[in-house]
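Each residue of the sequence shown is one higher than the one before, counting from 2 in my numbering.
For each residue, glycine too, the CB sits at the ideal point set by N, CA and C.
As structure tokens, the structure follows; a few thoughts come after it.
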Amino acid sequence: IDVYPQPVVFHCLAVPGAQLDRIEKAAVAAERGHAVTLYECSNRLGGQALLAQMLPGRAEFGGIITNLTREVERAGVNVIKSTLFDAAMANSSTPDVVVVATGAVPRVPPLETDDDAHVVDAWSVINGEANVGASVVVADWVGDWIGLGVAESLARAGCQVKLVVNAAVAGASMHDVVRDQWIGELHKLGVEMIPYAKVFGADEDTVYFTHIVTGEPIVVEDVETLVLAQGHTPVNTLADGLKTYPGEVMLIGDALSPRTAEEAVLDGLKAGTEI
């Protein structure tokens with residue numbers, strides 16, 4: 002049933018990283034009769050799903066990008082890529098609704114490090130942008146696909162890998178069937194897994210952790226690279242710039258609170274049906 006006898010026209014504007022929540026939101030809003038423009042700062046839609054599909058055994062994850070992109074095309078959404086949308090553009094085009102789905106960036110916790118410590122984030126490793134040494138520690142704070150996937154990818158590339166997790170088990174936030182199978186693969190690849198540990202700092206060849214229960218030190222030596230998989234920090238620059246915007250502003254997805262792909266798509270669906 003069409004709840005809009007006369008279609009409501011507005012522009013739905015969003016920015017960097019083309020997260021899944023944004024794509025779903027644009028498709029749903031367009032199907033409901035709204036005029037929707039989707040801004041993407043890069044030249045590809047997909048956000049973190051583009052990273053997920055690059056990990057071993059995760060190629061099928063790219064299907065969610067293909068499916069949602071097709072929904073957007075079918076609904077007639079105007080997609081503008083390689084353009085960073087900002088508050089000035091909103092004020093000049095005056096859309097009725099601005100949907101902020103700007104995603105998140107890797108979280109970097111406070112660390113005690115010296116100038117010789119080689120510290121990189123998981124995204125740069127997945128993208129092949131980091132110069133990772135032969136002996137690697139992956140410090141996983143969340144216990145999701147990122148820590149497990151990066152550890153497997155590096156192990157398959159010939160690195161000696163230790164996966165150190167801030168939980169009782171690696172992949173603690175994942176479904177146990179998927180988690181256990183993945184842990185089994187890491188075991189076969191020779192990845193050492195150390196639980197109950199929070200990263201504290203690093204120097205040239207050592208990474209320091211504290212036990213999350215006892216507070217005692219855990220020292221991992223002979224390390225060339227520390228890879229941080231420490232969750233994500235919302236990107237809210239646009240939202241902050243739109244605090245005085247006269248139209249409606251909606252904040253969704255990782256820009257609101259970093260979560261899973263399923264929750265991102267649900268956010269987009271709910272936002273699209275609320276307008």
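*Should Lys-163 go down as buried or exposed, given a rule of 16 or more other Cβ atoms within 10 Å for buried?*
buried
*Does the Cβ-Cβ distance between Thr-215 and Phe-201 come in under 7 Å?*
no
*Could you tell me which of Ala-203, Val-221, Ala-53 and Arg-157 sits nearest to Gly-191, measuring between CA atoms?*
Arg-157
*Measure the Cβ-Cβ separation of Lys-82 and Asn-132 and say whether it is below 7 Å.*
no
_C-beta contact flag for Val-151 and Ala-123 at 7 Å_ = yes
*Mapping DSSP to helix, strand and coil, what is Gly-202?*
strand
_Minimum C-alpha distance to Gly-63 - residue among Gly-48, Gly-77 and Glu-72_ = Gly-48
*Rank Arg-71, Lys-189, Gly-232 and Glu-225 by C-alpha distance to the C-alpha of Asp-206 and give the top, closest one.*
Glu-225
*Run through DSSP, which three-state label would His-35 get?*
coil
_Bridge partners - Asn-79, DSSP secondary structure assignment_ = Thr-38
*asked:* With distance defined between alpha-carbon atoms, name the residue in Val-101, Met-55 and Gly-77 nearest to Cys-42.
replied: Val-101
*Kindly identify the DSSP beta-bridge partner or partners of His-212.*
Ala-198
_Among the candidates Gln-231, Ala-240, Asn-92 and Leu-46, whose CA atom is the shortest distance from the CA of Val-73?_
Leu-46
_For the structure I just gave you, are there three or more beta carbon pairs, one from the segment 87-101 and one from the segment 111-118, closer than 8 Å?_
no
*Could you check what DSSP says for Val-73 in three-state terms: helix, strand or coil?*
helix
*asked:* As a quick exercise: from Pro-57, Glu-217 and Gly-254, pick the residue whose alpha carbon is nearest that of Glu-186.
replied: Pro-57
_Quick check on Arg-180: buried or exposed, where buried means 16 or more other Cβ atoms within 10 Å of its Cβ?_
buried
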